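Note that my numbering has the sequence shown beginning at 42, numbered continuously upward. Positions of the beta carbon are idealized from the N, C-alpha and C atoms, including for glycine. Predicted model, so just to flag it, every value in this text is computed and none were measured. First the structure, in the form of structure tokens, and then the observations on it.
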Amino acid sequence: MNKKVVKRIGIGVGLYAIFVMSVITFYPDKPQDMDWKDREEYNRIQITKLELGLQKKQIIELLGSPDITEAKRTNEVELQVMLYRTQHKQADGITTEDECTALLFENNKLIAWGESAYQSFIDG
Numbered sequence: 042m043n044k045k046v047v048k049r050i051g052i053g054v055g056l057y058a059i060f061v062m063s064v065i066t067f068y069p070d071k072p073q074d075m076d077w078k079d080r081e082e083y084n085r086i087q088i089t090k091l092e093l094g095l096q097k098k099q100i101i102e103l104l105g106s107p108d109i110t111e112a113k114r115t116n117e118v119e120l121q122v123m124l125y126r127t128q129h130k131q132a133d134g135i136t137t138e139d140e141c142t143a144l145l146f147e148n149n150k151l152i153a154w155g156e157s158a159y160q161s162f163i164d165g
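Dropping the structure here:
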């Protein structure tokens, strides 16, 4: 093979690698663009990284819009629960509470997540 051909192939492979790395770096997946299986896995991973006290806005930036949300005000305290799908139960095209992990906010700050968070919202 000619040295020019080998050199051109090497340059082409290098340019392709740079292109792929640019796409991966500058165009990350957004939760709303993922299929439901990828979104469930993404939600599970991101929820394990949460810390109490995060603002609701920060959670939405990280996880996207919730699958289900409820809110209420009691004694000057605003409670909101946002549910993100994290486990598949039934192939019916409907996301239900039992397929989600609840994130509980008090006055826009994360105060709990998981099964107890949804129960606290109901009881609160």
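Spatial neighbours of residue i in its chain, beta-carbon cut-off 7 angstroms, leaving aside the 5 residues before and after
| i | result |
| --- | --- |
| G155 | T142, A143 |
Environment of residue i [buried if 16+ CB atoms lie within 10 Å]
| i | result |
| --- | --- |
| I135 | exposed |
| N84 | buried |
| L104 | buried |
| R80 | buried |
| Y57 | exposed |
Closest by C-alpha distance to residue i, when choosing among the options
| i | options | result |
| --- | --- | --- |
| Q87 | G94, E140, T127, D74 | T127 |
| P107 | V47, F146, K130 | F146 |
| S161 | E111, T137, V47 | E111 |
| I100 | Y125, K113, E82 | Y125 |
N-terminal and C-terminal residue of the beta strand (DSSP E) that residue i is part of
| i | result |
| --- | --- |
| I152 | 150-154 |
| E119 | 118-126 |
| K90 | Counting along the chain, K90 falls outside any beta strand (DSSP E), and DSSP gives it neither H nor E. |
Residues near residue i by beta carbon distance below 8 angstroms, same chain, minus five either side
| i | result |
| --- | --- |
| N149 | Q96, K97, K98, E119, Q121 |
Enclosing alpha helix (DSSP H) for residue i [first to last residue]
| i | result |
| --- | --- |
| I135 | Here I135 belongs to no alpha helix (DSSP H), and DSSP marks it neither H nor E. |
| L103 | 97-104 |
Residues near residue i by beta carbon distance below 6 angstroms, same chain, minus five either side
| i | result |
| --- | --- |
| K90 | none |
Neighbour flag for residue i against chain D, beta carbons, 7 angstroms
| i | result |
| --- | --- |
| K48 | Chain labels in this structure do not include chain D; a single protein chain is all it has. |
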